[in-house]
Amino acid sequence: MKLKEEKFNYISETERLIIRPLKIDDYENWLNEFKNRHPSQNRYDKGKINMTECTLEWFHSLVDKHQELALTDTAHVFGVFRKEIGTHLGMVDFSTLARDGFQWGRIGYAIHNQYWKKGYGKEAVKEALNIAFKHLKFHRVEAHINIDNTPSIHLAESVGMEFECMRKGFIYENSEWTDHLVYYKNSK
Numbered sequence: 050m051k052l053k054e055e056k057f058n059y060i061s062e063t064e065r066l067i068i069r070p071l072k073i074d075d076y077e078n079w080l081n082e083f084k085n086r087h088p089s090q091n092r093y094d095k096g097k098i099n100m101t102e103c104t105l106e107w108f109h110s111l112v113d114k115h116q117e118l119a120l121t122d123t124a125h126v127f128g129v130f131r132k133e134i135g136t137h138l139g140m141v142d143f144s145t146l147a148r149d150g151f152q153w154g155r156i157g158y159a160i161h162n163q164y165w166k167k168g169y170g171k172e173a174v175k176e177a178l179n180i181a182f183k184h185l186k187f188h189r190v191e192a193h194i195n196i197d198n199t200p201s202i203h204l205a206e207s208v209g210m211e212f213e214c215m216r217k218g219f220i221y222e223n224s225e226w227t228d229h230l231v232y233y234k235n236s237k
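Numbered according to this note's numbering, the sequence shown terminates at residue 237, and the numbering increases by one at each position without gaps.
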């Protein structure tokens, strides 16, 4: 497998954050922050998650899978860490939707709810978009947001993403096709 020969190790820093792929050494920190999550704060927040299946062996597989996805340009998954003490705050990811004449990707983001309302989401997503345009070479990045996910809408708008449209029956989730708002940003 190619992963042993080559690794995706891109690292970016902001004033307070480090954004990089997960490493095996992150396991305890990563697991601890999932265990410290508050109960669900809204419909789109999973809150406390049962982590019993997330063993160190399972985490090794997760890190390898992220590497494989990055090396095949299928997806690029980044952990978000607080620079000062290394705390795992959440994740930002990009899925490649099309290359060639498009250079088009989708962004996803999640900050552990115990760290909400501190500006970490905005700081992480803003820097992740810089990574997408400068390092991953996307021209266009979209966020596909449930129509009633107000916190995600506000986050997308706060980093300069623009509302484009509502796509009807766009994503299959919870056993039904759901409408989503499309927010986008193009490289300069």
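We put the beta carbon where it would ideally sit given N, CA and C, even for glycine.
Using the rule of at least 16 other Cβ atoms within 10 Å of the residue's Cβ for burial, across every protein chain shown, is residue i buried or exposed?
| i | result |
| --- | --- |
| TYR221 | exposed |
| ASN58 | exposed |
| ILE156 | buried |
| GLY218 | exposed |
Taking the alpha-carbon of residue i as reference, which of the options has the nearest alpha-carbon?
| i | options | result |
| --- | --- | --- |
| ILE134 | LYS217, THR123, ARG65 | ARG65 |
| ASN198 | SER61, ASP113, TYR93 | TYR93 |
| GLU211 | LEU138, SER201, PHE151, PHE57 | SER201 |
| THR121 | LYS167, GLU172, LEU185, ILE196 | LEU185 |
| HIS188 | ASN223, LEU146, VAL174 | LEU146 |
| LEU111 | SER207, TYR76, TYR169 | TYR76 |
Go through its chain and collect everything with a Cβ distance to residue i's Cβ below 8 Å, but skip five positions before and after it.
| i | result |
| --- | --- |
| LYS53 | Residue placement at LYS53 is flagged as unreliable, the pLDDT there being 41, under the threshold of 50; a coordinate-derived value is accordingly withheld. |
| ILE68 | ILE60, SER61, GLU62, PHE127, GLY128, VAL129, PHE130, VAL141, ALA173, GLU176, ALA177, ILE180 |
Using DSSP bridges, identify the partner residues of residue i.
| i | result |
| --- | --- |
| HIS229 | ASN195, ARG216 |
| ILE202 | Bridge partners of ILE202: none, in fact. |
| ILE68 | SER61, VAL129 |
| TYR221 | TRP226 |
| VAL141 | PHE127, TYR158 |
Next on the checklist: Any contact between the segment 95-105 and the segment 177-190? By contact I mean 3 or more CB pairs, one from each, below 8 Å.
Outcome noted: no
Checklist entry - On the three-pair Cβ rule with 8 Å, is the segment 81-88 touching the segment 150-166? => result yes
Checklist entry - Three or more C-beta pairs closer than 8 Å, one from the segment 186-196 and one from the segment 224-232: is that the case here? => result yes
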